[in-house]
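Numbering (the numbering used here), first residue to last: 99 to 166.
For every residue, glycine included, the Cβ atom is placed at its ideal position computed from N, Cα and C.
Note that the coordinates shown come from a computational prediction; the quantities given were computed from them, not determined experimentally.
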């Protein structure tokens, strides 16, 4: 991550495409093929790595929920 690129957000292979943009598009129902059409500079592995990165980020966080 580079603070000078996309406000320091995680990007794909140094491109100015953020992981969050890809994830939001996938969550909105776009397919990997749709993303490859929208962003021809992407490769299928870029999408897989973005998903793996997101899974790593959320699995690394521990939330403490107080007992009721």
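Helix, strand or coil, according to DSSP, for residue 104 in the structure here?
Residue confidence for residue 104 is low, a pLDDT of 49 falling below 50, so the modelled location carries little weight and cannot support an answer.
Establish whether the CB of residue 133 and some CB of chain B are separated by less than 8 Å.
In the structure shown, chain B cannot be found, because there is only a single protein chain.
Could you tell me the alpha carbon to alpha carbon distance between residue 162 and residue 156, rounded to whole angstroms?
The straight-line gap from Cα to Cα measures roughly 14 Å.
Measuring CA to CA, which of 137, 113 and 112 is closest to residue 123?
137
Please name the residue, chosen from 113, 114 and 121, that lies closest to residue 151 on a Cα-to-Cα basis.
121
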